[in-house]
Amino acid sequence: MRNPFAPTITQATVADLETLPEMMRHMQHDDPWSEPFHEPTLRANLAELLLHPLYGVIYIVREESAPIGYLVICFDYSLEYRGKGAWIDELFVEPTHRGKGIGTQLLNLAETASREHNAKFLHLEVTHGNPAIELYRRRGFHDHQRYLMSKTLDK
């Protein structure tokens, strides 16, 4: 019998558009994005992602009915990385629920879901100094000799 207080992880739907931005604001306190957090744009992009699973998938972690974490996986295509790839775009667990294995469960799910979507590699980026780096290293992610560089195209 399942423990009724154990977290559950389900794939997000458009009905979760009100739940996700709140947790994403919480994540901004811990590890802010490089780009400004603009909620109207975020909501539009979340809706686009939820309506088009070809772009990626989102999962929500709940304890009882309260959301306590989420995972966003986005897909790309790369010749270097043998075709379809997956990115852990967001992984967040509320601070009061950290250290309980939820992050590990989400990484397991990221690997499984990425394989199910035929991804050949799973990538992530993490801010220097983020304590989650050690979790990622223990799970087999490794540092590259390359820098992530970005250029805004919509200005």
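Going letter by letter, the sequence shown gives residues 193 to 347 in this note's numbering. From the three backbone atoms N, C-alpha and C, an ideal C-beta is built for every residue, glycine too.
Secondary structure of Arg235 (DSSP, three-state): helix. The bridge partners DSSP lists for Leu314 are Ala278. Contact between the stretch 200-217 and the stretch 236-252 is present: 3 or more CB-CB pairs across the two stretches fall below 8 angstroms. For Thr200, the three-state secondary structure derived from DSSP is strand.
In the pairwise beta carbon analysis, the stretch 226-236 is classified as not touching the stretch 263-276: fewer than three pairs are separated by under 8 angstroms.
A distance of 8 angstroms or more separates the beta carbons of Met215 and Pro287. Distance from the Cα of Ala236 is smallest, within the candidate group Asp208, Gln337, Lys312 and Asn310, for Asp208. His320 has its alpha-carbon roughly 21 angstroms from the corresponding atom of Tyr262.
Glu255 sits in a strand when the DSSP states are folded into three classes. The beta carbon of Ser270 sits closer than 6 angstroms to the beta carbons of Gly277 from its chain, once the five residues preceding and following it are set aside; these are given in chain order.
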